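Quick note, my numbering runs 710 ahead of the 1-based positions in the sequence shown. Just so it is clear, CB atoms sit at the ideal spot from N, CA and C, and this is done for glycine as well. Here the structure is a predicted model, which means the values were calculated and not measured. Heads up: the structure comes next, in structure tokens.
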Amino acid sequence: YIAPPGEYSLKDTVLELEFQGVKKKFTMLQTWPVRTPRPVASKLAADTPLLTGQRVLDALFPSVLGG
């Protein structure tokens with residue numbers, strides 16, 4: 711089904727597809743997630759400091775190994 715030309719709101723169905731017996735309706739609005747986290751098996755423990763040897767960097771911007 712394809713809707714004829716005209717004025718539609720964002721939630722009106724304008725296209726309907728059927729593939730392998732499954733029907734899916736499409737509207738003028740698509741919602742996308744803002745951010746999806748990357749898949750990881752497990753998070754590493756951040757327990758060892760990363761020392762650069764530069765006192766200014768180590769003092770103002772502390773960082774850890776593994777994190």
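Please classify residue i: does DSSP put it in a helix, a strand, or coil?
i: V766; result: helix
i: F771; result: coil
i: K753; result: coil
i: L761; result: coil
i: K734; result: strand
i: L725; result: strand
So, under 8 Å CB-CB, residue i and residue j are touching, yes? Tell me the CB distance rounded to an integer number of Å.
i: L754; j: G776; result: 4 Å
i: P788; j: P743; result: The shown model of the chain, from 711 to 777, leaves out residue 788, and the question about it has no answer.
Report the rounded CA-to-CA distance for residue i versus residue j, giving the unit in angstroms.
i: I712; j: S752; result: 46 Å
Note to self: Under 8 Å, with one C-beta from each stretch per pair, do the segment 713-725 and the segment 735-742 reach the 3-pair mark?
What the structure shows: yes
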